[in-house]
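So the mapping is simple: my numbering equals the position in the sequence shown, first residue as 1, plus 57.
Quick reminder that beta carbons are idealized off the backbone N, C-alpha and C, glycines included.
These figures come from a predicted structure and were not determined experimentally.
Notes follow the structure.
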Amino acid sequence: MRNSVDIDKVHSRAMVREIGDSLRTLYKPDREPPPRIRDQLHRLRDLDGRPRTNSEDGK
58 MRNSVDIDKV HSRAMVREIG DSLRTLYKPD REPPPRIRDQ LHRLRDLDGR PRTNSEDGK
């Protein structure tokens with residue numbers, strides 16, 4: 058069983074930024090990430106309250 062960890066907003070945002078930085082180094086901007094990763098990136102951006110770009114909306 059996992060133990061619950063209470064993370065404040067500042068640390069949560071820092072973790073999201075770190076994950077994003079790591080993913081940006083793994084996936085080149087000219088290539089689409091796999092669908093599962095793309096969906097998770099959209100979810101993180103939505104949770105962070107930032108709007109999606111046109112390319113993220115599929116336009």
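Sequence-distant residues of the same chain with beta carbon closer than 8 Å to residue i, five excluded per side
i, result
"Glu-89", "Arg-95"
Residue i (DSSP reduced to helix, strand or coil)
i, result
"Asp-105", "helix"
"Arg-93", "helix"
"Arg-100", "helix"
"Asn-60", "coil"
Range covered by the alpha helix (DSSP H) that runs through residue i
i, result
"Val-67", "66–83"
Proximity test, residue i beta-carbon vs the ligand FMN heavy atom, cut-off 7 Å
i, result
"Arg-74", "The ligand FMN is not part of the structure shown, which contains no ligands of any sort."
Residue nearest to residue i in terms of C-alpha spacing, selected from the options
i, options, result
"Leu-104", "Leu-80, Lys-85, Met-72 and Pro-91", "Met-72"
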